[in-house]
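Peer 1: To start, I am sharing the structure in question, which I have written as structure tokens.
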Amino acid sequence: MDKTVSSAADAVADIPSGASLAVGGFGLSGVPIVAIRALLAQGADDLEVVSNNCGVDGWGLGELLAAGRIRKVIASYIGENREFARQYLSGEVEVELTPQGTLAERLRAGGVGIPAFYTATGAGTAVSEGGMPLRYAPDGQIALTSEPKELRAFDAFGPAREYVLEQAIRTDFGLVRAGVGDRHGNLRFEKSTRNFNPLAGMAGRVTIAEVDELVEPGVLGPDDIHLPGIYVDRVIALTSQESADLPIEKITVRPRPGASTTDDDNERGR
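In this text, residue positions in the sequence shown follow my numbering: the first is 287, and each later residue adds one.
Encoded structure:
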């Protein structure tokens with residue numbers, strides 16, 4: 287039952303080129319950066335990644351993207367990553383944009399064995415009607431578009447309206463980052479890191495979790511477990527230095543009460 291591995295390199299050693307990955311994180315919060323960098327060093331390419339976004343320039347999944355290792359991304363957000371936008375518009379990477387809540391439910395459905403579900407989100411738009419650009423040609427023309435999806439009317443919540451059928455997502459591997467985990471793979475996520483991480487962990491056939499703190503089985507109470515160990519196959523215990531690698535995506539400041547503009551600019555190093 288001890289699922290700990292000796293290193294991140296060992297944890298990702300069997301991820302092959304062409305594999306599909308569900309990756310936790312939201313912006314820079316809860317990103318399994320150690321596993322991502324181990325995979326970058328391992329060399330697998332032609333990857334299909336399912337994540338809320340594809341990191342930022344130079345960090346997170348953006349490191350794999352910049353190295354040309356990603357073939358396709360299923361995500362809900364492209365912003366904050368110029369290289370992602372460049373590769374998409376130049377035809378280097380295929381992108382399937384999915385509404386954020388729908389993406390979350392597709393991952394959850396894959397984890398619990400539901401093959402598909404109906405949702406009102408996207409019905410009557412390009413999400414259901416098709417035609418969204420999936421891949422561009424190098425000359426800027428659209429090379430591949432999305433197909434129409436099945437629609438069906440339901441009246442369970444009032445007057446009948448159309449709902450779009452969305453298919454579950456099941457990936458070869460899941461990569462997640464947790465605040466605390468035990469040797470059986472039970473995980474607890476801290477604050478906003480509990481966003482796509484549990485869902486990515488559920489969707490992966492083989493899930494690799496890196497944890498800031500490794501504890502013994504029984505330390506985490508049942509009510510403190512956000513993802514049961516049944517979904518987790520490998521646990522990486524991070525060092526304090528690895529845990530501290532948490533860059534700030536956007537730094538915002540406000541003037542101190544009573545301070546002059548010059549004082550605040552000097553304090554910020556401008």
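Where is the CB? At the ideal position from N, CA and C, for every residue including glycine. This one's a predicted model, so the numbers in the text were calculated from it and none came from an experiment.
Alpha carbon to alpha carbon, how far is Q527 from P559? Give it in angstroms, no decimals.
Peer 2: In the structure displayed, the chain extends from 287 to 556; residue 559 sits before or after that span and is not available.
Peer 1: Could you compute how far the alpha carbon of V320 sits from the alpha carbon of G399?
Peer 2: Straight-line Cα distance between these residues: approximately 29 Å.
Peer 1: Using the three-state DSSP reduction, which class does L351 fall into: helix, strand or coil?
Peer 2: Residue state, collapsed to three classes: helix.
Peer 1: Tell me the rounded alpha-carbon separation between G354 and R542.
Peer 2: The straight-line gap from Cα to Cα measures roughly 44 Å.
Peer 1: Expressed to the nearest angstrom, what Euclidean distance is found between the alpha-carbon atoms of K289 and Y363?
Peer 2: Approximately 33 Å between the Cα atoms of the pair.
Peer 1: Would you kindly work out how many angstroms separate the C-alpha atoms of G490 and F459, rounded to a whole number?
Peer 2: Roughly 4 Å separates the two Cα atoms.
Peer 1: Alpha carbon to alpha carbon, how far is F312 from K477? Give it in angstroms, no decimals.
Peer 2: Cα to Cα, K477 sits roughly 12 Å from F312.
Peer 1: Which whole-angstrom value describes the C-beta separation of L473 and A486, a residue pair presumed to lie in contact below a C-beta threshold of 8 Å?
Peer 2: About 11 Å; that fails the 8 Å criterion.
Peer 1: Suppose contacts are defined by Cβ-Cβ distances below 7 Å. Is T431 in contact with T405 by that definition?
Peer 2: No.
Peer 1: I think P503 touches D531, with their Cβ atoms under 8 Å apart; what is that distance to the nearest whole Å?
Peer 2: Not a contact, Cβ separation roughly 27 Å.
Peer 1: Note down the Cα distance separating R438 from L420, rounded to an integer number of angstroms.
Peer 2: Taking the straight line from one Cα to the other gives about 24 Å.
Peer 1: Considering only the beta carbon of each residue, do A395 and A454 sit closer than 7 Å?
Peer 2: Going by C-beta atoms, A395 is nearer than 7 Å to A454.
Peer 1: When DSSP builds the beta bridges, which residues end up paired with D468?
Peer 2: Partner(s): V501.
Peer 1: Leaving out the 5 sequence neighbours to the left and right, which residues in its chain are closer than 7 Å to L506 when beta-carbon positions are compared?
Peer 2: Hits under 7 Å: V466, D468, N472 and R474.
Peer 1: What is the C-beta distance between N483 and G316, in whole angstroms, given that I count them as a contact (C-beta under 8 Å)?
Peer 2: At roughly 5 Å, the Cβ-Cβ gap stays under 8 Å, so N483 and G316 are in contact.
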